[in-house]
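Residue numbers (my numbering): 184 to 249.
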């Protein structure tokens with residue numbers, strides 16, 4: 184199928200996204216005088232990415248059932 188990503192590539196993209204969000208959290212925590220709102224938004228984004236990825240984890244080992 185064209186247009187679909189391999190499970191490995193999805194894992195790499197999730198890792199990169201989490202790494203980028205973590206870098207933004209560090210930047211917000213050190214640069215902002217009141218970092219809590221920014222950290223809350225970034226934490227929710229990271230939690231959403233983790234939930235999205237791990238809710239579909241079984242698709243890495245099983246073919247899609249029809």
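Each residue gets a CB set at the ideal place from its N, CA and C atoms; glycine is no exception.
Counting the other Cβ atoms within 10 Å of the Cβ of residue 196 gives fewer than 16, which makes it exposed. In the three-state reduction of the DSSP assignment, residue 213 falls in the helix class, which pools H, G and I. Cα atoms of residue 187 and residue 236: separation of roughly 15 Å, rounded to the nearest angstrom.
Taking C-alpha positions only, residue 201 is separated from residue 209 by approximately 12 Å. Assigned with DSSP and collapsed to three states, residue 187 falls in coil, not helix or strand.
For residue 220, the uninterrupted alpha helix (DSSP H) run begins and ends at 219-238, by DSSP.
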